Amino acid sequence: MSSDNYQAWRVEEQEDGSFIGNEKSLSIKDTLPIPPNENQESNTVLIKVTHSSLNYKDALSSLGKKGGVTRNFPHTPGIDAAGYIVSSTDGVDSSELEGQSVLVTGYDLGMNTDGGFGGYIRVPKEWIITPNPFELKIGNIDSDEANRTSMIYGTAGLTAALSVEKLLMAGNAKPTDGKILVTGSTGNVGSITVELLSNLGFDVIAISGKVADVEDTTTNTNNKLDFLMELGAKEVLGREVLVSNKRPLLKPLYAHAIDTVGGTPLVEILKQIKNGGSVTTCGNAAGIQMDSLTVLPFILRGINLLGIDSVQISLNEKLNIWKKLASTWKCNIIEESVIDIGRNEIDLYLKLMLDGRSAGKIVLDHNLTVTTTNDNSRL
C-alpha cells in the first residue's frame with residue numbers, strides 16, 4: 021500500500037439498493053477533497069486518525085440513505101476523530117502544525133464529510149481542537165493514549181457534559197433539589213451523564229430498556245444493571261415507567277431530568293417534573309414527535325425544557341467542556357469500562373447499537389485488529 025493510500029470502513033450502495041459497510045483501501049487524493057461548504061474558505065487540515073468512537077448517528081449512517089444522516093455514498097462514517105495533523109492548506113508553514121495531536125467532533129464530520137472510521141480525514145481548520153486537551157491534562161502519557169481517552173468521551177461525552185452544564189447554569193439545578201432522572205442510561209450519552217451527575221452529588225434515577233429482563237444473557241443485562249449502579253445510579257427503572265399516559269399532568273416525582281431519547285419518554289418526563297424543575301433533551305432515538313404534550317407542565321409548574329446542540333456550538337464552548345472532561349469532570353468508571361475494537365468489528369457493533377444491545381463506550385483503534393468470536397463478554 022502506497023503512502024497515499026489508507027484503510028477505511030466504507031459504506032457503499034449495492035446494485036439491489038442495499039447498503040453494506042466493508043474495509044477498503046482508499047486514496048487520499050481521490051477520497052479526501054475539501055469539504056463542500058459554500059461559506060468555508062479552502063483552509064483545510066489533513067489528519068492521520070488513530071482513534072474514533074462509535075455513536076448512534078454512525079449506526080444510522082451505515083444504513084444508507086434511509087438512515088437520514090448521510091446523503092451521498094460511498095461514505096466513511098465516524099462523527100468523532102482523534103489523531104495527528106499531517107498538513108495544512110491555510111497558507112501557514114505546515115511544520116508549525118505538523119505532528120500536533122488533534123481532536124475533531126461535530127459539524128459535518130462523519131455525516132457527509134468522510135469521518136473517523138477512515139485512517140485519514142480532511143476537515144476545515146475551524147473544526148479542529150489542537151493540541152488535544154487530554155494530552156495537556158494527562159501529562160507524561162503518550163499522545164496515542166490521550167487520543168484514545170478523548171474518544172472514550174467523544175461526541176457522547178461532549179453532549180452529556182453540555183447537558184449537565186446547561187442544567188446547572190440555565191436550570192439552576194442543585195443536588196439538594198431532589199431526584200434527577202436520566203433516560204437512555206446505558207447508552208453513550210446516558211452512561212456518561214449518570215457518572216457526571218453522581219460525581220457532582222446528585223441522586224440519579226436511571227431509566228433503561230435494557231434492565232427489564234435480567235435473564236437475557238445474550239445482552240449481559242445483569243451486567244448492565246450492575247454497571248449503572250457502579251456509575252452511581254441510586255435506582256434503576258425500566259422504560260415502562262415512561263409509557264404514554266393521556267393525562268396532561270402526573271404526580272411530580274423528579275426535580276430535574278436529562279433526556280437522551282426524545283419522543284414519548286420525554287413527554288412523560290415533562291409531566292412528572294416538580295415545580296420550577298428543568299429538563300434537557302439531546303436525542304431522538306425514541307422519536308421526534310411529542311403529540312400528547314400540553315402546555316400545562318410549563319404554565320402550571322413553571323418547568324423549563326432546554327435543548328442541547330453539540331454539533332454547531334462554537335469551538336470555544338467545545339474547548340471549555342473538553343477541558344472539564346479532561347480534569348474536574350473526569351469519569352473514572354467510564355474510562356475503565358471501554359470496549360476497544362478494530363475496523364473489522366465496526367459492522368458488528370453498529371448492528372448491536374441499532375438493535376439496542378450495546379452499552380457503554382466503544383472506541384475504534386485503527387491499529388487494532390481483533391479476532392471476532394462469539395464471546396458475549398465483549399457485548
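Residues in the sequence shown are numbered from 21 upward in steps of one, following the working numbering.
Beta carbons are placed, not taken as given, at the ideal position from N, Cα and C, and that holds for glycine.
Computed from a predicted model, the values in this text were never measured in an experiment.
When the Cα atoms are used, N352 and E35 turn out to be separated by approximately 46 Å. V184 carries a helical assignment under DSSP once its states are collapsed to helix, strand and coil. Three or more pairs of CB atoms, one per stretch, sit closer than 8 Å, so the region 41-54 contacts the region 131-146.
In this structure, the alpha-carbon of K291 lies about 35 Å from that of M171. Apart from sequence neighbours up to five positions away, the residues of its chain that approach V287 with a beta-carbon distance below 6 Å are M310, S312, L313, ordered along the chain. Contact between V69 and Y127 is absent: CB atoms are separated by about 15 Å, not below the 8 Å threshold. For the pair P144 and W342, the CB atoms are not nearer than the 8 Å cut-off. For L80 and V89, the gap between their C-alpha atoms comes out near 6 Å.
Sixteen is the threshold: when 16 or more other Cβ atoms of the shown chains lie within 10 Å of the Cβ of D78, as they do, the residue is buried.
A Cβ-Cβ separation of about 12 Å leaves V106 out of contact with I148 under the 8 Å criterion. DSSP, read as helix, strand or coil, puts W342 in helix. Across the structure, G191 and G297 are spaced so that their CA atoms are roughly 7 Å apart. In the DSSP assignment, R142 is bridged to L66. Ranked by how close their Cα comes to the Cα of V390, the residues D197, D360, P317, T196 have D360 in first place.
Taking the Cα positions, G376 is about 12 Å away from S205. I354 and E215 do touch by the CB rule: their CB atoms are close to 6 Å apart, below 8 Å. Where V287 is concerned, the enclosing alpha helix (DSSP H) starts and stops at 283-290.
D279 sits buried, since 16 or more C-beta atoms from the chains shown fall within 10 Å of its C-beta. Counting along the chain, N352 sits inside the alpha helix (DSSP H) bounded by residues 352-355.
Around the Cβ of D100, a 10 Å sphere holds 16 or more other Cβ atoms; the residue is buried. In this structure, the beta-carbon distance from G282 to G303 falls below 8 Å. If you compare the alpha carbons of R363, T150, K244, S163 with that of S378, the shortest gap goes to K244. Per DSSP, V214 lies in no beta strand (DSSP E) segment; the continuous alpha helix (DSSP H) that holds it begins and ends at 208-219.
V299 is a Cβ neighbour of H276, given a cutoff of 8 Å.
Taking 8 Å as the upper bound for CB-CB distance, A253 and V224 are in contact here, some 5 Å apart. For I308, the secondary structure class from DSSP, reduced to helix, strand or coil, is coil. Going by beta carbons, V256 and A226 fall inside the 8 Å limit. Residue environment analysis places G207 among the buried positions, since at least 16 neighbouring C-beta atoms fall within 10 angstroms of its C-beta. Counting of Cβ neighbours within 10 angstroms places T348 among the exposed residues, the total staying below 16. I319 sits in a helix when the DSSP states are folded into three classes.
Looking from the CA of S357, the closest CA among D246, L187, P317 belongs to D246. DSSP, reduced to helix, strand and coil, places R363 within a helical segment of the structure shown. In the three-state scheme derived from DSSP, where H, G and I count as helix and E and B as strand, A226 is classed as strand. For A166, the three-state secondary structure derived from DSSP is helix.
In this chain, the alpha helix (DSSP H) harbouring D50 covers 48-51. When C-alpha distances from N340 are compared across G229, T150, Y274, the shortest belongs to T150.
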